[in-house]
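Student: Encoded as structure tokens, here's the structure I'll be asking about.
Next up, the structure:
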């Protein structure tokens, strides 16, 4: 028998209320695994090319990872998928928590929604089946209230809810889908896709068993893995050295002295979470400052960075929080002590949020950042894009492109807390200038005109993540060339050292060997990392977990599924899924020029002070190497006909 | 005064778990540590004083700017010690 997957997905047509359940072959799972691999295959097959992503015919999917619920550690993530209304290409967003397993317990690997309900609805999926319910009373509610009300109505605390907030209802193109009171599948604007269907929320629960082919093998793998993870300090030494060896190279380029030391990654994530990285990132040039136009420590000073340190965040931490099957536990629930949510609790802000509402807008008021984080989580707004958009508006104001008439009286400026909070509130509610900004910087710049485009920092319409591509050019490749542009959770040069898959996949070693010069070798490793990330995502694994130690992914996959495939077979699957998502973009009419990374992210011109002084990225050359390694056509930015055929997905695009 | 070495005061802040590695009795992340050093002291002196090994991966910033072991310290400097890691 096979295992890992349930073997079917459902499609709910919200226009007619009809549900279709589709069984899939073992071969289908071998080809696309689960998560967004399965999602991209199903949507490519069933959705007409070139449709408006907010049209009723568009599909929205919730996909569990292939390893979710099998007992493999770090495997609790699910993906929301569809055509991105923000970029016009393939869209997916990844989220932790405990929902992924409930999708499978409810007897499905994925559920897709098409059509549009006449009135707001929510959908409950459990052992009894799929039920569409009236959401009139929930519409307009924030994500925390909505989740509480649904769980209370169901009387089942095991139910896990994915919901949009006000931003998704108002079709903000920078909105996402929220679960567990503040974990968010944030990127690609899929909250708007959900809102366009009048779908407020989906609840999942079930008692179904998730099949595992060789449960004893999983137990053995876990025993070894957890023993390494918990007890063997040498493992942590190896880890950190691996991590630091790369960083030493990176840092040496910036002139920072670098000796190696064990234990850092795990120590930082488990003690502080990702916000424990804020100060370092601010000072070395990883955190983009003042809309990517200023410099760490020179402009965003060490005093400012120190005010928003992880240490200061966890002073308010009430308890730690771990996602399903996660031994690391980087999350935390904090007491909110000021602002409109004073007296309540919420998720602590991640590094991305600390940077987006911090250095990116020269802002260092931690209490306000915590409030902004909670506002966005409750509204279902992506904090990266929201921060990027507020920073864009501030710069437009500073440059005289927007004035107080345009901003409804707001006297915007760098670091001005009250104005930042007010503007974010206006974006959430689409009030005044907030209505223009709620669709992200690209759409806003088009509406504002007058040269605003110069300050709209994005790639392909998506605001960039909080990792400066001038420091790590791998991010430049990811931002510009990946199927979902502007994102940091795929690959970078740093990631390449952490998890290029060199040990796991012979193919990676061959790719590096064949690459040629030093730059090509680095891009080859980066590309391998991106391909490996497809496997990590589609199996529902967490990047932070996989980054923090050698993860025996092939062993876990073979134990769960019984496929007993060679490592390179899986690597080919990763290539297939990567190519599929990129080919989807070509089918939807995207061209390489449409996802161009903003010139500031490339150091054109280079900065004249600070940690990134003199740095620029030759993206043309990196992009050429990257596409060549993938077997993509430089002119289209997607797989050639030959590559589609080799990867056995040519029929999807026939 | 002739024959007396002047002293300088520098503030030390420890990040990334270095508070647990330094050989110090107590560390308050808010106030950091105030160290009195001789005039002309270099950064390596702080490593020694804190009991942090120089061979380990610790990155230092004086008033926010990265600094090497031989950097000179002056009165009122703020020194951040941390381990390199980014992401999230």
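Protein chains in written order, with my numbering: chain A, 1 to 654; chain B, 1001 to 1088.
Note that CB positions come from ideal geometry on N, CA and C, so glycine has one too.
Computed from a predicted structure; not experimentally measured.
State yes or no: is the C-beta of residue 289 (chain A) within less than 8 Å of the C-beta of residue 316 (chain A)?
Tutor: no
Student: Tell me the start and end of each unbroken alpha helix (DSSP H) in the stretch 364-416 of chain A that is at least 4 residues and wholly inside, in chain order.
Tutor: Residue ranges of uninterrupted alpha helix (DSSP H) with 4 or more members, entirely inside the stretch 364-416 of chain A and ordered along the chain, are 366-379, 383-398.
Student: Around the Cβ of residue 134 (chain A), are there at least 16 other Cβ atoms within 10 angstroms (buried) or fewer (exposed)?
Tutor: exposed
Student: Once DSSP output is grouped into helix, strand and coil, what is the label at residue 585 (chain A)?
Tutor: Helix at residue 585 (chain A).
Student: Using a beta-carbon distance cut-off of less than 7 Å, what residues from the stretch 1023-1048 of chain B approach chain A?
Tutor: Residues of the stretch 1023-1048 of chain B with a C-beta atom less than 7 Å from some C-beta of chain A are 1029, listed in chain order.
Student: With a cut-off of 8 Å on the beta carbons, I'd call residue 1083 (chain B) and residue 1018 (chain B) a contact; round off their distance for me.
Tutor: 7 Å
Student: Would DSSP call residue 1048 (chain B) helix, strand or coil?
Tutor: helix
Student: Between the stretch 62-72 of chain A and the stretch 32-41 of chain A, are three or more C-beta pairs nearer than 8 Å?
Tutor: yes
Student: Taking any Cβ of chain A, which residues in the stretch 1068-1086 of chain B have a Cβ under 8 Å from it, in chain order?
Tutor: 1068, 1069, 1078, 1080, 1082, 1083, 1084, 1085, 1086
Student: Tell me the DSSP secondary structure of residue 19 (chain A) in three-state form.
Tutor: strand
Student: If we count Cβ pairs, one from each stretch, closer than 8 Å, do we get three or more for the stretch 506-517 of chain A versus the stretch 552-565 of chain A?
Tutor: no
Student: Where does residue 74 (chain A) fall in DSSP's three states?
Tutor: coil
Student: Kindly indicate the opening and closing residues of the beta strand (DSSP E) around residue 1008 (chain B).
Tutor: 1007-1014
Student: Is it true that the CB of residue 295 (chain A) sits closer than 8 Å to the CB of residue 602 (chain A)?
Tutor: Not a contact, by the Cβ cut-off of 8 Å.
Student: Rounded to whole angstroms, what's the CA-CA distance from residue 578 (chain A) to residue 633 (chain A)? Just pull it up for me.
Tutor: 14 Å
Student: Can you name the residues of chain B whose CB is closer than 7 Å to the CB of residue 695 (chain A)?
Tutor: Because chain A is modelled from 1 through 654, residue 695 (chain A) falls outside the range shown and cannot be assessed.
Student: Here's a check: name, in chain order, each residue in its chain whose Cβ is nearer than 8 Å to the Cβ of residue 255 (chain A), leaving out the five neighbours to either side.
Tutor: The predicted position of residue 255 (chain A) is uncertain, since its pLDDT is 41 and thus under 50; no value can be drawn from it.
Student: Given a cut-off of 8 Å, decide if residue 184 (chain A) and residue 670 (chain A) are closer than it, judged by their beta-carbon atoms.
Tutor: Absent from the structure is residue 670 (chain A), since the part of chain A shown begins at 1 and ends at 654.
Student: Please classify residue 656 (chain A): does DSSP put it in a helix, a strand, or coil?
Tutor: Any question about residue 656 (chain A) goes unanswered here, given that chain A covers just 1 to 654.
Student: Distance, Cα to Cα, residue 517 (chain A) vs residue 284 (chain A)?
Tutor: 28 Å
Student: Would you mind giving the Cβ-Cβ distance between residue 652 (chain A) and residue 543 (chain A), rounded to the nearest angstrom? I have them listed as a contact below 8 Å.
Tutor: The pair is not a contact, with the Cβ atoms about 27 Å apart (cut-off 8 Å).
Student: State the DSSP-derived secondary structure class of residue 184 (chain A), mapped to helix, strand or coil.
Tutor: Strand.
Student: Kindly list, in the order they appear in chain B, the residues whose Cβ is closer than 9 Å to that of residue 564 (chain A).
Tutor: The premise fails here: residue 564 (chain A) is roughly 33 Å from chain B at the closest Cβ pair, so nothing lies under 9 Å.
Student: Which partner residues does residue 1060 (chain B) have in the DSSP bridge list?
Tutor: According to DSSP, which records beta bridges pairwise, residue 1060 (chain B) is partnered with B:1067, B:1081.
Student: Whose CA, out of A:623, A:159, A:374, A:440, lies closest to the CA of residue 593 (chain A)?
Tutor: A:623
Student: In the DSSP output, which residue or residues are listed as bridge partners for residue 526 (chain A)?
Tutor: DSSP, once it has assigned bridges, lists no residue as partnering residue 526 (chain A).
Student: Can you list the residues of chain B that residue 271 (chain A) reaches, using a CB-CB cut of under 7 Å?
Tutor: 1017
Student: Does residue 1013 (chain B) come within less than 8 Å of chain A when only Cβ atoms are used?
Tutor: yes
Student: Tell me whether residue 655 (chain A) sits in a helix, a strand or coil according to DSSP, three-state version.
Tutor: Past the boundaries of the shown model lies residue 655 (chain A); chain A is included only from 1 to 654, so the question cannot be answered.
Student: Mind checking if residue 1064 (chain B) is an interface residue toward chain A, Cβ cutoff 8 Å exclusive?
Tutor: yes
Student: Need the endpoints of the alpha helix (DSSP H) that residue 113 (chain A) sits in, please.
Tutor: Where residue 113 (chain A) is concerned, there is no enclosing alpha helix (DSSP H), although the beta strand (DSSP E) it sits in stretches over 110-114.
Student: Assuming contact is defined by CB atoms lying nearer than 8 Å, are residue 464 (chain A) and residue 229 (chain A) in contact in what I supplied?
Tutor: In this structure, residue 229 (chain A) does not lie closer than 8 Å to residue 464 (chain A) by Cβ.
Student: Assuming residue 123 (chain A) and residue 199 (chain A) form a contact by the criterion Cβ under 8 Å, report the distance between their Cβ atoms to the nearest whole angstrom.
Tutor: 7 Å
Student: Spell out whether any CB of chain B is found under 8 Å from the CB atom of residue 283 (chain A).
Tutor: Under the Cβ criterion of 8 Å, residue 283 (chain A) is counted among the residues facing chain B.
Student: Just to confirm, is the Cβ distance from residue 520 (chain A) to residue 482 (chain A) under 8 Å?
Tutor: No.
Student: Could you name the residues of the same chain whose beta carbon sits closer than 6 Å to that of residue 181 (chain A), not counting the 5 residues immediately before and after it, in chain order?
Tutor: 144
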